[in-house]
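Sequence lines, in order, name chains A and B. With this note's numbering, letter number 284 in the first sequence gets 646, and the count goes up by one each step, no holes. With this note's numbering, letter number 225 in the second sequence gets 266, and the count goes up by one each step, no holes. Ideal Cβ placement from N, Cα and C applies to all residues, glycine included. If you're wondering where the values come from, they're calculated on a predicted model, not measured in any experiment. The block underneath contains the structure these notes are about, expressed in structure tokens.
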Amino acid sequence: MTDIFELLKGNGSEKQPVIVQGITGKFGTRHTKLMIEYGTNIVAGVTPGKGGQKFENSVPIYETVKEAVEATGAKISIMFVPAKFFLGAAKDALEAGIKLLVAIPEHVPVQDAMKTVELAKQKDAIVIGPNTPGVMIPGLIKIGIMPASPFKFGNIVVLSKSGTLLYEISNNLSTSGFGQCITIGIGGDPINGTRLVDAFDMVKDYPDLDGIVVVGEIGGDAEEVFSQKIIDENFKKPIVAYVAGRKAPKEKRMGHAGAIVMGNYGSAESKIAMFSKANIPVAKKPIEVPILLAGKMEKK
Amino acid sequence: MRLLEYQAKELFKEYDIRIPDSIASKDIESGRNDAEKIGYPFVIKAQVPVGGRGKAGGIQKCHNEDEFELKYPQVLNMTIKGEKTRAILLEKMSEYEKEIYLSLFLNRSKRCYTIISSAEGGVEIESVKNQTIREVGLGEVTKKVAEEVANEIGLKENSIPHFVDILQKLSKLTVEKEAELTEINPLVILEDGSMMALDGKIMTDDNSNFRHKELIKYQEKTELEKRAEESGFSLVELDGNIAVIGNGAGLVMSTLDMLTDSGGKAACFLDVGGTATTESVYEALTLISKMKNVKAVLVNLYGGIVKTTIVASAFLKAYDDKIIVLPVFARLMGAESEKSKEMLKDSETHLSPSIEEAINKVVMEVNK
Numbered sequence: 363m364t365d366i367f368e369l370l371k372g373n374g375s376e377k378q379p380v381i382v383q384g385i386t387g388k389f390g391t392r393h394t395k396l397m398i399e400y401g402t403n404i405v406a407g408v409t410p411g412k413g414g415q416k417f418e419n420s421v422p423i424y425e426t427v428k429e430a431v432e433a434t435g436a437k438i439s440i441m442f443v444p445a446k447f448f449l450g451a452a453k454d455a456l457e458a459g460i461k462l463l464v465a466i467p468e469h470v471p472v473q474d475a476m477k478t479v480e481l482a483k484q485k486d487a488i489v490i491g492p493n494t495p496g497v498m499i500p501g502l503i504k505i506g507i508m509p510a511s512p513f514k515f516g517n518i519v520v521l522s523k524s525g526t527l528l529y530e531i532s533n534n535l536s537t538s539g540f541g542q543c544i545t546i547g548i549g550g551d552p553i554n555g556t557r558l559v560d561a562f563d564m565v566k567d568y569p570d571l572d573g574i575v576v577v578g579e580i581g582g583d584a585e586e587v588f589s590q591k592i593i594d595e596n597f598k599k600p601i602v603a604y605v606a607g608r609k610a611p612k613e614k615r616m617g618h619a620g621a622i623v624m625g626n627y628g629s630a631e632s633k634i635a636m637f638s639k640a641n642i643p644v645a646k647k648p649i650e651v652p653i654l655l656a657g658k659m660e661k662k
Numbered sequence: 042m043r044l045l046e047y048q049a050k051e052l053f054k055e056y057d058i059r060i061p062d063s064i065a066s067k068d069i070e071s072g073r074n075d076a077e078k079i080g081y082p083f084v085i086k087a088q089v090p091v092g093g094r095g096k097a098g099g100i101q102k103c104h105n106e107d108e109f110e111l112k113y114p115q116v117l118n119m120t121i122k123g124e125k126t127r128a129i130l131l132e133k134m135s136e137y138e139k140e141i142y143l144s145l146f147l148n149r150s151k152r153c154y155t156i157i158s159s160a161e162g163g164v165e166i167e168s169v170k171n172q173t174i175r176e177v178g179l180g181e182v183t184k185k186v187a188e189e190v191a192n193e194i195g196l197k198e199n200s201i202p203h204f205v206d207i208l209q210k211l212s213k214l215t216v217e218k219e220a221e222l223t224e225i226n227p228l229v230i231l232e233d234g235s236m237m238a239l240d241g242k243i244m245t246d247d248n249s250n251f252r253h254k255e256l257i258k259y260q261e262k263t264e265l266e267k268r269a270e271e272s273g274f275s276l277v278e279l280d281g282n283i284a285v286i287g288n289g290a291g292l293v294m295s296t297l298d299m300l301t302d303s304g305g306k307a308a309c310f311l312d313v314g315g316t317a318t319t320e321s322v323y324e325a326l327t328l329i330s331k332m333k334n335v336k337a338v339l340v341n342l343y344g345g346i347v348k349t350t351i352v353a354s355a356f357l358k359a360y361d362d363k364i365i366v367l368p369v370f371a372r373l374m375g376a377e378s379e380k381s382k383e384m385l386k387d388s389e390t391h392l393s394p395s396i397e398e399a400i401n402k403v404v405m406e407v408n409k
């Protein structure tokens, strides 16, 4: 499997080149500037119809990802296209040899996400999202729409279905002295390019890893499957979880396409019960996460 | 969208899946006409977007006109698990030998569609025993797979072709309409081995609505929900008295949980989207002002990139324009929070440094 740390860090001497699909849109423009400000090496943009132009007078824009890859050698792309163009843009990227595709768009149809997942498997590529805030190694690279201020470098991994809760909880962790070695936005959609368990596989062997924080929410059974994996693999490093939506009504979509309880499928009770079975404490409030993590660290 | 039973059955009909004679109505006058067409005895079924209506009395047998006059209004005025009856389906009573279970659903962790079937149907899926489960990729079910499922659940020889036919049609419907769940429960086996869908539940992928103009007629949205959607917000109306606004679905859910833990009751869940701006917060407050029974507003924003002063000016503008008169309790995380406190100090907006404090204050306010 493609190693995400290797992809994000590169060989150390030069920063990894990153392409932005949809660089000229309002949202894409704003976040491209913020990523550049953070130090991410944005080398090219892709906007069909605007090939040959330059973004902010410096970043060249291409018609297709293929052209951008040929010109820059980039293996990473972040995508800001509208949901209805998602599948086309994802194919464009994966077929051009992109190995890490960060898919920001919200409201992507499930079938389009499933087709993208299939193609990514064939191409041995990682897709993060759709509907993700992105991925970052604090202080090194930010490929996403997250604000910079909540994050500090350290040895904790944060995996989150929610964007703003990722910021909130990472901020709580940072101010309590728990910096992060990587944060991955799983996304709030029913189908995730990188599932919670996939993200776990990507980070579990990271040498300096001190602990993992999982920010879950109602809907699906990602948290349950994750917990089962922790039990099966007898993973011993500290893990702490949070689950949003304990008091949400059933059979209603709570903002995220994936945040819906159908019967017992997707309920907070089911998730909390499985976390407990795996000996993972679940915080009742975001502010409790660092406290529980500190407790877990002491027991170790 | 979650389709009502009669809407699901309209799709079944379109895909040639057999259903009993039935007619939907929304008032007793039309109901009386339908009763004549269907003929006694029949069942009166409450159309609600939630499961468990049978136990709640939402399905009533009806043998004659007297019973009809009594039961139709009863069921029409019923509220089941907080959901009002949307319509009434009158359905011919069917004689059958056996109830079985069949569904196709999106297995999110395996990222594929899954057939679930069982020879023991008619109860909620959690209680369905001896489930046969088959993964079918993007949802297409071949004849071979359908036959294997039929054999696995132990159907009799004369029912197998009927089951295969229905399962393949259900699969076509699922893929073409982009459903996350299509369920027939119970699917009944008649004396001659043929089958009929007595109930139907369909959940489609809202994000694919743009490709399904034909389904829009099933969309049920209140005026407020429509306005929220136009602004790019997610709104779920609830039955409490504290409006909950925030940016990001996870953060708003989290706020709702904490508010409920502290004894507060939410009037709504309103997510203005990941990025908060002066305009979006102003529009959110405008929406709240149209809601009934709201006594106070709880705002939880994680600004990050956004300066809190931008949000504070939205509050001030909403008060200036007399959009809201309600007290607002807010926690704004982000840059320039000291300055925003200063801006708001003479207004009806109370800023708290933590969400816990804002929640305590708002709960005290509505209980005073």
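Task: Same chain, Cβ closer than 7 Å to residue 169 (chain B), five either side skipped, listed in chain order - done: 142, 159, 161 and 162
TODO: Answer yes or no: do residue 285 (chain B) and residue 251 (chain B) have a C-beta to C-beta separation smaller than 7 Å?
DONE: no
Task: Reference residue 171 (chain B); option with closest CA among B:341, B:408, B:194 and B:322 - done: B:194
- [ ] Taking 7 Å as the cut-off, decide whether the C-beta atoms of residue 58 (chain B) and residue 85 (chain B) are in contact.
- [x] no
Open item on the list: Using the Cβ count rule (16 or more neighbours within 10 Å means buried), how would you classify residue 635 (chain A)?
Closed with: When all chains shown are included, residue 635 (chain A) counts as exposed.
- [ ] Mark residue 393 (chain A) as exposed unless 16 or more other C-beta atoms lie within 10 angstroms of its C-beta, in which case mark it buried.
- [x] buried
Task: Beta-carbon contacts of residue 199 (chain B) that lie in its chain and below 6 Å, excluding the five residues immediately before and after - done: Once the five neighbours on either side are set aside, the close Cβ partners of residue 199 (chain B) are 234.
Open item on the list: My output table needs one value for residue 313 (chain B): the three-state DSSP class, helix, strand or coil.
Closed with: coil
Task: Stretch pair the stretch 453-470 of chain A + the stretch 482-494 of chain A: three plus CB contacts closer than 8 Å - done: yes
- [ ] Report the residues of the stretch 86-119 of chain B with a CB closer than 9 Å to any CB of chain A, ordered along the chain.
- [x] 90, 91 and 92
TODO: Would you check if the distance between the CB atom of residue 534 (chain A) and the CB atom of residue 643 (chain A) is smaller than 7 Å?
DONE: Cβ atoms of residue 534 (chain A) and residue 643 (chain A): not closer than 7 Å.
Task: Where the alpha helix (DSSP H) through residue 192 (chain B) begins and ends - done: Counting along the chain, the unbroken alpha helix (DSSP H) around residue 192 (chain B) starts and ends at 184-193.
Open item on the list: Any beta carbon of chain A sitting closer than 7 Å to that of residue 343 (chain B)?
Closed with: yes
Task: Segment limits, alpha helix (DSSP H) that includes residue 652 (chain A) - done: 651-661
- [ ] Could you round the C-beta distance between residue 167 (chain B) and residue 625 (chain A) to whole angstroms and report it? I think they count as a contact, below 8 Å.
- [x] Indeed, because the Cβ distance is near 5 Å, the residues count as touching under 8 Å.
Open item on the list: Taking a contact to mean a Cβ-Cβ separation below 7 Å, would you say residue 245 (chain B) touches residue 220 (chain B) in this structure?
Closed with: yes
- [ ] Look up residue 49 (chain B) in the DSSP assignment and say whether it is helix, strand or coil.
- [x] helix
TODO: Report yes or no: is there a C-beta of chain A within less than 7 Å of the C-beta of residue 414 (chain B)?
DONE: Outside the shown range of chain B, which is 42 to 409, sits residue 414 (chain B), and nothing can be said about it.
TODO: Assuming residue 424 (chain A) contacts residue 433 (chain A) (C-beta within less than 8 Å), just tell me the rounded distance between them.
DONE: Indeed, because the Cβ distance is near 7 Å, the residues count as touching under 8 Å.
- [ ] Could you tell me whether the Cβ atoms of residue 349 (chain B) and residue 314 (chain B) are closer together than 7 Å?
- [x] Cβ distance not < 7 Å, so residue 349 (chain B) and residue 314 (chain B) don't count as in contact.
TODO: Tell me, to the nearest whole angstrom, how far the beta carbon of residue 317 (chain B) is from that of residue 344 (chain B); I am working on the premise that it is less than 8 Å.
DONE: 7 Å
- [ ] Under 7 Å between beta-carbons, which chain A residues line up against residue 293 (chain B)? List them in chain order, please.
- [x] 617
Task: Nearest-angstrom Cα separation, counted from residue 230 (chain B) out to residue 138 (chain B) - done: 6 Å
TODO: Going by CA-CA distance only, name the one from A:547, A:479, A:459 and A:532 that's closest to residue 506 (chain A).
DONE: The shortest C-alpha to C-alpha distance from residue 506 (chain A) to any of A:547, A:479, A:459 and A:532 is the one to A:547.
Open item on the list: If the cut-off is 9 Å on Cβ atoms, which residues from the stretch 475-509 of chain A count as contacting chain B, listed in chain order?
Closed with: Listed by position, the residues of the stretch 475-509 of chain A near chain B (Cβ gap below 9 Å) are 475, 476, 477, 479, 480, 495, 507, 508 and 509.
- [ ] With a 10 Å radius around its C-beta and 16 neighbouring C-beta atoms as the bar for buried, classify residue 111 (chain B) as buried or exposed.
- [x] exposed
Task: Contacts of residue 166 (chain B) in chain A (Cβ-Cβ under 8 Å) - done: 625
Open item on the list: With a threshold of 6 Å on Cβ separation, who are the neighbours of residue 515 (chain A) within its own chain once the five nearest residues in sequence on each side are excluded?
Closed with: 500, 501 and 541
Task: Distance CB(residue 562 (chain A))-CB(residue 532 (chain A)) smaller than 7 Å - done: no
Open item on the list: What does the alpha-carbon distance come out to for the pair residue 241 (chain B) and residue 109 (chain B)?
Closed with: Linking residue 241 (chain B) to residue 109 (chain B) through their CA atoms gives a straight-line distance of about 24 Å.
Task: residue 23 (chain B), buried or exposed, once every other Cβ within 10 Å from all chains shown has been counted against 16 - done: Since the first residue of chain B shown is 42 and the last is 409, residue 23 (chain B) is not available in this structure.
Open item on the list: Using beta carbons (cut-off 7 Å, strictly below), is residue 404 (chain A) in contact with chain B?
Closed with: It does not: the Cβ of residue 404 (chain A) has no partner Cβ on chain B nearer than 7 Å.
TODO: Taking only beta carbons into account, state which residues of the stretch 210-244 of chain B come closer than 9 Å to chain A, listed in chain order.
DONE: 216, 219, 221, 222 and 244
- [ ] Return no unless some Cβ of chain B is closer than 7 Å to the Cβ of residue 560 (chain A).
- [x] Answer no: the Cβ-Cβ gap between residue 560 (chain A) and chain B never drops below 7 Å.
Open item on the list: So, at 7 Å on beta carbons, what are the nonlocal neighbours of residue 308 (chain B) in its own chain, with the 5 sequence-adjacent residues on each side left out?
Closed with: Cβ within range, chain order: 279, 281, 282, 283, 284, 332, 334 and 335.
Task: Cβ-based contacts, 8 Å cut-off: residues of the stretch 382-412 of chain A near chain B - done: Residues of the stretch 382-412 of chain A that bring their beta carbon within less than 8 Å of a beta carbon in chain B comprise 396, in sequence order.
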